[in-house]
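Down below is the structure, laid out as structure tokens.
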Amino acid sequence: MGKRAPVKIVVLDVLKPHEPNILDLGRALCQDSNVLDVNVSVYAVDEKTESTKVTISGKDIDFDQIKKIVDDNGAVIHSIDKVVVGKKEIIPVPPEVSLK
Amino acid sequence: MGKRAPVKIVVLDVLKPHEPNILDLGRALCQDSNVLDVNVSVYAVDEKTESTKVTISGKDIDFDQIKKIVDDNGAVIHSIDKVVVGKKEIIPVPPEVSLK
Amino acid sequence: MGKRAPVKIVVLDVLKPHEPNILDLGRALCQDSNVLDVNVSVYAVDEKTESTKVTISGKDIDFDQIKKIVDDNGAVIHSIDKVVVGKKEIIPVPPEVSLK
Amino acid sequence: MGKRAPVKIVVLDVLKPHEPNILDLGRALCQDSNVLDVNVSVYAVDEKTESTKVTISGKDIDFDQIKKIVDDNGAVIHSIDKVVVGKKEIIPVPPEVSLK
Amino acid sequence: MGKRAPVKIVVLDVLKPHEPNILDLGRALCQDSNVLDVNVSVYAVDEKTESTKVTISGKDIDFDQIKKIVDDNGAVIHSIDKVVVGKKEIIPVPPEVSLK
Amino acid sequence: MGKRAPVKIVVLDVLKPHEPNILDLGRALCQDSNVLDVNVSVYAVDEKTESTKVTISGKDIDFDQIKKIVDDNGAVIHSIDKVVVGKKEIIPVPPEVSLK
Amino acid sequence: MGKRAPVKIVVLDVLKPHEPNILDLGRALCQDSNVLDVNVSVYAVDEKTESTKVTISGKDIDFDQIKKIVDDNGAVIHSIDKVVVGKKEIIPVPPEVSLK
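Protein sequence lines, in the order shown, are assigned to chains P, S, G, L, H, V and Z. Residue numbering for the first sequence follows my numbering, beginning at 542 and increasing consecutively. Residue numbering for the second sequence follows my numbering, beginning at 542 and increasing consecutively. Residue numbering for the third sequence follows my numbering, beginning at 542 and increasing consecutively. Residue numbering for the fourth sequence follows my numbering, beginning at 542 and increasing consecutively. Residue numbering for the fifth sequence follows my numbering, beginning at 542 and increasing consecutively. Residue numbering for the sixth sequence follows my numbering, beginning at 542 and increasing consecutively. Residue numbering for the seventh sequence follows my numbering, beginning at 542 and increasing consecutively.
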């Protein structure tokens, strides 16, 4: 590209308390003007916390802003799992070799 | 987005008595003016109860309204499993790395 | 929706005798004026009975009518497995989190 | 539908001798004027017999005609596995709940 | 159909010597004027032989011609695995019932 | 077809040294004027070698040319795994019978 | 092709320190004028490092440039896993033979 490329999609692993619920966390993340959509899936539930995968799409996602919103909601980013940077989105790849 | 983003899809885990049946529960949830469609799948059946996944799509889903309808039908929301918030719907992500 | 929402698809678990066969049961269910299509799959066979999944699509499915036709054919509805209610049909959801 | 609904697709489990082969059995079934297409897959082979799945599509499949053609070719219908009856064909259903 | 229906696709299990290779066997089968395309996949290799699946599409496949070409190349047809006969091609069927 | 049919796709199992890398091997294979595209996937790595699947598409692939290029790059063709010969490309087949 | 063919897609296995994060590594790789898009997926996390798959698409990817950017970010290329070279992209292949 040769210039600062936009981050279009980020997948985060987020540990959160039960409140605010994932509707409110999703809405809070969408408050950021760079964010277009948020998908949240809960994959484990504990007495006090929920482990979630949060997928964010946007024009150019600003990680520091995202981190601030997550923090402000009492949650914490465990890891950044995936990113999509650049002009289009998911790059196709040749299928895995099956070695039955 | 920078303004209050709409919640487009919610997946709930709902425990319900056998009556009302899932046709009637689906119809009751569709009474809410924000709801467009409801899909219900039963995944476990007990003597007195059924465990179900209830997927709701709408223009901007109001969780409190949904919870009230579920309660009024003698059922209970066990957990909120997934949400889709914002402009479009499901965000594509790069495929999982296979580590055969 | 705010008005009585139509039930578009129902999946039933039906236990039936060998006769009438599933072609005739499917045709009988299609006699109901609200029914558009019926798919039947047999998943277990016994000396005297067959366990089947019956999927019905229609403009607004009337469960009592369906139950009556099933009864009239000597079969019994074991459970209602899935329903689709409202304006469109299958709601897409974010994919399951893989926890390899 | 409210009138006699057409059977569009039938899947049969058929046990057959090695001769006639599945090309000839497929052609024989297509002789029936209600039949449009036949797919045959062999899933087990014995010294004298082959176990096959025979999928038939048509405008309105007449089971008695199909059974007669199968019999005339020295084969036998073990079971009727699936049928599609009505206006359109395969009805989509909400995906299975995954309970990892 | 009511007249002699065309065989559009045949899948064969073919045991062959290493020579001619599968490019040459594929080309030889395409010499037949009824054949449009040939796909060959090797699924097991021995010191002197290869086990292959040979998929053939055509306007109306003549099995005796196919068998002659296979024989002329020093190979042997172990079994006929699948056929597609008639007007269109692969018939869709309702999905398998999952019995987790 | 009745004339010499073109080989459109070939899948090879190729054992290669670490150098040249797979970008350079892919480029070398594309030097052949019959070749349109090359996909290479590494499926096993050793101290001195890499096991790869090399998929080649072209107007009419000349195996002897391909073999020469592989040899000139210090690699060796272990086996020819798949070929697509003729007019169109991948032939659809009826799905496998599931025998749960 | 008969001339120097372009490398359109490369998949790399990259070991990196936690900083810079994968958003910054993706942006750095997109600085290269031949690169169009970058997808990064983390598949293992250690105290000091992350194992990642980095997929790069471009008009004609220059491996030496990519390697330099990876090095400059304190990371190391473990292996080159896949490449797509030539005119179009992913070549379809006949499906694997299932040997249940």
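Beta carbons are placed, not taken as given, at the ideal position from N, Cα and C, and that holds for glycine.
What number of angstroms, rounded off, separates the C-alpha of residue i from the C-alpha of residue j?
i: S:Pro-547; j: V:Gly-567; result: 48 Å
i: H:Pro-558; j: H:Ala-569; result: 15 Å
i: Z:Ile-610; j: Z:Asp-603; result: 11 Å
i: P:Glu-520; j: P:Asp-612; result: Residue 520 of chain P is absent from the model: chain P starts at 542 and stops at 641.
i: P:Ile-632; j: V:Ile-632; result: 26 Å
i: L:Lys-549; j: G:Val-551; result: 20 Å
i: P:Asp-587; j: P:Ile-563; result: 15 Å
i: S:Gly-615; j: S:Lys-608; result: 11 Å
i: Z:Arg-545; j: P:Arg-545; result: 29 Å
i: S:Glu-630; j: G:Cys-571; result: 35 Å
i: L:Lys-600; j: G:Val-595; result: 21 Å
Please name the residue or residues paired with residue i in a DSSP beta bridge.
i: V:Leu-553; result: V:Val-595 and V:Ile-621
i: Z:Pro-547; result: BP columns for Z:Pro-547 are empty, so no partner.
i: H:Gly-627; result: L:Asp-578
i: P:Pro-558; result: P:Thr-590
i: S:Ala-585; result: S:Ser-592
Between the beta-carbon of residue i and the beta-carbon of residue j, is there less than 8 Å?
i: L:Asp-617; j: L:Leu-553; result: The sequence shown places Val at residue 617 of chain L, rather than the Asp named in the question. No, they are not a contact pair.
i: S:Ser-582; j: L:Pro-635; result: yes
i: L:Ser-598; j: G:Glu-637; result: no
i: L:Tyr-584; j: L:Thr-593; result: yes
i: Z:Asp-573; j: Z:Gln-606; result: yes
Counting only C-beta atoms, is residue i closer than 8 Å to chain A at any point?
i: H:Val-586; result: Of the protein chains in this structure, namely P, S, G, L, H, V and Z, none is chain A.
query: For the stretch 586 to 598 of chain Z, which residues have a beta carbon sitting closer than 8 Å to at least one beta carbon of chain S?
result: The residues in question are Lys-594 and Thr-596.
task: Pull out every residue of the stretch 561 to 586 of chain Z whose Cβ sits closer than 7 Å to any Cβ of chain P, in chain order.
output: Within the stretch 561 to 586 of chain Z, the residues whose Cβ lies closer than 7 Å to some Cβ of chain P are Asn-562, Ile-563, Leu-564, Gly-567, Arg-568, Cys-571, Gln-572, Ser-574, Val-576, Leu-577, Asp-578, Val-579, Asn-580, Val-581, Ser-582, Val-583 and Val-586, listed in chain order.
task: Select from the stretch 602 to 632 of chain P all residues with a C-beta closer than 7 Å to any C-beta belonging to chain S, and list them in chain order.
output: Here the close residues are Lys-623, Val-625, Glu-630 and Ile-631.
task: Inspect the CB distances between the stretch 619 to 630 of chain P and the stretch 574 to 583 of chain Z and report whether three or more fall short of 8 Å.
output: The answer is yes - the stretch 574 to 583 of chain Z touches the stretch 619 to 630 of chain P, with three or more Cβ pairs under 8 Å.
- request: With 8 Å as the C-beta to C-beta threshold (strictly closer), list the residues of the stretch 545 to 558 of chain P near chain S in chain order.
  value: Going along the stretch 545 to 558 of chain P in chain order, one finds Ile-550 and Val-552 with a Cβ nearer than 8 Å to chain S.
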